[in-house]
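Participant: Shown below is the structure under consideration.
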Amino acid sequence: RNLQRVTQSEHVEFFLIHLAFMHVHLGVGDPIQAESYLLSAQKIGQMHYDAKHPRTSLLLSSSANLSQLQGQYKKALESYHKSIELRKAAGFDKYHALIAEDYEGIANCLAM
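To convert, take the position in the sequence shown, counting from 1, and add 763; that gives the numbering used here.
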């Protein structure tokens, strides 16, 4: 059961990581790279989320700026932190370095 929760939380994390990087690339004036992250996020979103949910719509909007989304990313960081503990409990230690890297990535996005 914990393992299932870990897997579900992974989709949320990768969705938000892609979106965070999309907004960073928009901010630094690299629309091509930003679009690539948006498309990845949309694919993940279509597979795992209700696209009609207002939060999902907001997150997928490339016109939303990072400051509008900081609250969402902060929530994502909190759940991400919890999933690190879940993964450890489920024996996912080998992923720890990767998780830390992604965690740092979102934190850097928030700091911009």
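Think of the CB as a built atom: it goes at the ideal place given N, C-alpha and C, for glycine as much as any other residue.
#1: Below 8 Å on the Cβ atoms is my contact criterion, and I expect L782 with A804 to pass it. Report the Cβ-Cβ distance as a whole number of Å.
#2: May I have the straight-line CA-CA distance separating K851 from I780, to the nearest angstrom?
#3: For V787, does the three-state DSSP call read helix, strand or coil?
#4: Should L789 go down as buried or exposed, given a rule of 16 or more other Cβ atoms within 10 Å for buried?
#5: Taking only the alpha-carbon atoms, compute the straight-line gap between V791 and I807 and give it to the nearest angstrom.
Facilitator: So, from the listed chains and residues:
#1: If you number the sequence shown from 1, residue 782 lands on position 19. If you number the sequence shown from 1, residue 804 lands on position 41. That pair is a contact at about 5 Å.
#2: Counted from its first residue, the sequence shown places residue 851 at position 88. Counted from its first residue, the sequence shown places residue 780 at position 17. C-alpha separation (whole angstroms): 21 Å.
#3: Mapped onto the sequence shown, residue 787 falls at position 24. In this structure, V787 counts as helix in the three-state DSSP scheme.
#4: Stepping through the sequence shown from its first residue, residue 789 is reached at position 26. With 16 or more Cβ atoms within 10 Å of its Cβ, L789 is classed as buried.
#5: The residue given as residue 791 occupies position 28 in the sequence shown. The residue given as residue 807 occupies position 44 in the sequence shown. If you take the alpha carbons of V791 and I807, they lie about 24 Å apart.
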